[in-house]
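To start, the structure itself, in structure tokens.
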Amino acid sequence: MTFRHGGDFVGLMNKLPYIKGLGCQAVWISPIFQNGFNFYHQYAQIDFTLLDQRMGTLQELRNLVTAAHDLGMYVIVDVVMNHMANEFFFEGHEYTQAPFRFHEEQGLREYLLQVRKKDATLLHDTPAGKQPYQDFYYDNTWVPSAKYNGTLYGQYGEWVTDAGSGTYDLSDFHHNGDLVDYFDPWEINFGKIYGTMDDLRLEHWRVQEKYIAMTKALIESCDVDGYRVDTPMQVPLNFFKAWAPAMRDHAASLGKERFGIFGEFYVTPSRYATMTGRGRDNTMYGQDVYIDGIATLKGGIVYPYYWYIFTAMVYKDSQYADGLVLAYREENKMIDIFDPTTNRQLAYAEYDWKGRDENVSGDNFDMTSETYRYIARLNALRRWYFGDFGRAECDAVSAPNPQIPGILVFERGCTSLTKVLVIASFETVQNKTVRVPVSWVPGLRALARTFQVKGEGLSVKIW
14 MTFRHGGDFV GLMNKLPYIK GLGCQAVWIS PIFQNGFNFY HQYAQIDFTL
64 LDQRMGTLQE LRNLVTAAHD LGMYVIVDVV MNHMANEFFF EGHEYTQAPF
114 RFHEEQGLRE YLLQVRKKDA TLLHDTPAGK QPYQDFYYDN TWVPSAKYNG
164 TLYGQYGEWV TDAGSGTYDL SDFHHNGDLV DYFDPWEINF GKIYGTMDDL
214 RLEHWRVQEK YIAMTKALIE SCDVDGYRVD TPMQVPLNFF KAWAPAMRDH
264 AASLGKERFG IFGEFYVTPS RYATMTGRGR DNTMYGQDVY IDGIATLKGG
314 IVYPYYWYIF TAMVYKDSQY ADGLVLAYRE ENKMIDIFDP TTNRQLAYAE
364 YDWKGRDENV SGDNFDMTSE TYRYIARLNA LRRWYFGDFG RAECDAVSAP
414 NPQIPGILVF ERGCTSLTKV LVIASFETVQ NKTVRVPVSW VPGLRALART
464 FQVKGEGLSV KIW
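So for the sequence shown, our numbering puts the first residue at 14; every next one is plus one.
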């Protein structure tokens, strides 16, 4: 058994009818480029232009995208920009953690980078000399006057700008040490994640131009429809202000008017708010004010929300407390509150689940199974109310008129004829009369009503 789950472009292409039948409108592929040390997770890439041959060839990727488009589906590729593989160590810390350094303090400068490979024949010949990466270069030249470009944001949406000076500005990588404190706005942006992935200097225009060119090439060469962005919370916002518009503009020039970009957010909602749409820091809440006028990521998966849900499940029902077998890092983040090293096991290697004689259920890729048909019906219901993937959805959070404390109103729908209205009351003692302004056309009749009432003496009435 290995750390790798397998799978390739051809195998996924053969399963597209199955995925389409589930009601899915898109497939999201994990990172596709070559990884250093063959890392199983694909998030430690050594070259943003070199496909991992274990997944297939360039032509097979193109065939996959074409087949998906023929079925009316989109193809989204997971992209990594914050970091690469683990080709460097910080001077004096080859086998130990390197404490974070910023500029020069008390005689301690940011670190020199040292190459792990001792054999120069294993390095690339580049315009910057022998380098471990083909396109991104390190440089140990100290520039006393250099500053970090752009405003950075911390976990609570607070902003900071660089008031100091001195850094290795000619290097495409950060020399600051390891990322330990995720609540320090400088460290979360410039630190080396897990101490194992070289951190790119993405706030610098030079590095931005390289990465923009490489991700434009992926759109043009393979006709992909969107990007899922890995670890955007560890990338300075000014990078996304340059990169995201460049991706959308380039996609539009190729006839793609709806190029999707969304991110992974393992942060507080305050931090998330700075990085979606036009962005909003914690001084702007409740105002029609934004960080600037350029939209970046359209949305994201906010893992703390899943944490709130699954924590409630765990504490309410003891059956969830035994942990879960997980096969993918995203599921791990959404569900895991236990030791991640024990959760990252392959599902097929576990044969002793409680209440089961064997692990294999018999429903794998069975399009007639009860679970498959149930999920397909749910997706059909979603499309009926909310439209297909890529279509604008009308979401609105509002308050009753006049406002009533403890009442939240949420309205969703693409047209005035298909609306879902949710009214949540946090009152458990007494009934309240709620009047809500809605955008429904006069005479519209509700087709279904669902009520959930908790508390003695409470009732629901709609008129």
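From the three backbone atoms N, C-alpha and C, an ideal C-beta is built for every residue, glycine too.
With a contact defined as Cβ atoms closer than 8 Å, Lys143 and Ala133 qualify at about 6 Å.
Beta-bridge annotation (DSSP): Asp212 is paired with His96. A direct Cα-to-Cα measurement between His188 and Ala308 gives close to 30 Å. Between the stretch 220-234 and the stretch 193-205 there are fewer than three C-beta pairs closer than 8 Å, too few to call the two in contact. Out of Val78, Ile32, Met26 and His82, the CA that lies nearest to the CA of Asn377 is found in Ile32.
For Gly290, the three-state secondary structure derived from DSSP is coil. In the three-state scheme derived from DSSP, where H, G and I count as helix and E and B as strand, Arg67 is classed as coil.
Cβ atoms of Gly36 and Ala389 come within 8 Å of each other, at about 5 Å.
C-alpha of Ala265 to C-alpha of Thr154: approximately 40 Å in a straight line. Counting C-beta pairs closer than 8 Å gives three or more between the stretch 202-213 and the stretch 93-100, which meets the contact rule. Here Gly292 really is in contact with Ile304; their C-beta atoms are around 4 Å apart, less than 8 Å. In the DSSP assignment, His263 falls within the alpha helix (DSSP H) that extends over Leu250 to Ser266.
Of the residues assessed, His82 falls on the exposed side of the cut-off, its CB having fewer than 16 other CB atoms within 10 angstroms. Taken in chain order, the complete alpha helix (DSSP H) segments of 4 or more residues contained in the stretch 129-215 are 198-203. Annotated three-state conformation of Val447 is coil, per DSSP. When DSSP states are grouped into helix, strand and coil, Leu35 belongs to the coil group.
Taking the C-beta atoms as reference points, Gln47 is found nearer than 8 Å to Gln58. Here the alpha carbons of Gln416 and Met94 stand approximately 45 Å from one another. Rounded to whole angstroms, Tyr385 and Tyr87 show a C-alpha spacing of 21 Å.
In the assembly as shown, Val248 is a buried residue. Its beta-carbon has 16 or more other beta-carbons within 10 Å. Taking 8 Å as the cut-off, the beta carbon of Tyr166 is found no closer than this to the beta carbon of Asp175. In the DSSP assignment, Arg114 falls outside any beta strand (DSSP E) and carries neither an H nor an E.
The count of Cβ pairs closer than 8 Å, one atom from the stretch 263-277 and one from the stretch 233-253, reaches three, so the stretches are in contact.
Only residues of its own chain outside the window of five on either side were considered, and among them Tyr166, Gly170 and Asp294 have a CB closer than 6 Å to the CB of Thr287, listed in chain order. In the three-state scheme derived from DSSP, where H, G and I count as helix and E and B as strand, Tyr87 is classed as strand.
When the alpha-carbon of Val447 is set against those of Pro455, Leu135 and Pro418, the nearest one is in Pro418. Here the alpha carbons of Lys311 and Glu233 stand approximately 21 Å from one another. Between the alpha carbons of Val237 and Val78 lies a gap of roughly 7 Å. In this structure, Lys223 is the residue among Lys223, Leu434 and Leu250 with its C-alpha nearest to the C-alpha of Gln147. For Ser438, the three-state secondary structure derived from DSSP is strand. In the structure shown, Tyr124 adopts coil according to DSSP, grouped into three states.
Boundaries around Ile225 are those of the alpha helix (DSSP H), Trp218 to Cys235, since no beta strand (DSSP E) includes it. Looking at the backbone, the Cα of Phe22 and that of Phe439 are separated by about 48 Å.
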